[in-house]
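> So for the sequence shown, the numbering used here puts the first residue at 56; every next one is plus one. Every residue gets a Cβ at the ideal spot worked out from N, C-alpha and C, and that includes glycine. Dropping the structure in here first, questions after.
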Amino acid sequence: IKYYANPQQRIFACDVGCGVDDKQMAFAYANDNKQRSIISAAVIIDGIPYVEPMPCGKGEKYHDSRF
56 IKYYANPQQR IFACDVGCGV DDKQMAFAYA NDNKQRSIIS AAVIIDGIPY VEPMPCGKGE
116 KYHDSRF
């Protein structure tokens with residue numbers, strides 16, 4: 056979440072992660088990247104942005120080893 060301001064208003068930009076499966080052949084072009092996709096969602100409550108990442112790291116609820 057990034058905030059910007061000008062003399063008239065304050066605005067924000069909110070990026071969320073994508074929902075792709077990095078292990079599928081269609082995304083093999085990114086295998087050499089050190090960074091991986093993040094699955095997340097954003098909600099805006101009363102004008103305040105919140106980003107909620109999906110718990111899919113090692114030891115977390117939705118890690119591949121648990122399926």
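Entirely within the segment 84–112 and at least 3 residues each: give me those beta strand (DSSP E) ranges in chain order.
95–100 and 103–108
> Which residue's Cα is closest to the Cα of ASN88: LYS78, ALA96 and ALA97?
Taking only the C-alpha atoms, the option nearest ASN88 is LYS78.
> Just to check my reading of the structure: CYS69 and PRO104 have Cβ atoms closer than 8 Å, yes? What is that Cβ distance to the nearest angstrom?
5 Å
> Are SER92 and PRO108 touching if we call contact CB-CB under 7 Å?
In this structure, PRO108 does not lie closer than 7 Å to SER92 by Cβ.
> Who does ALA68 pair with in a DSSP beta bridge?
In the DSSP output, where bridge partners are listed per residue, ALA68 has LYS57.
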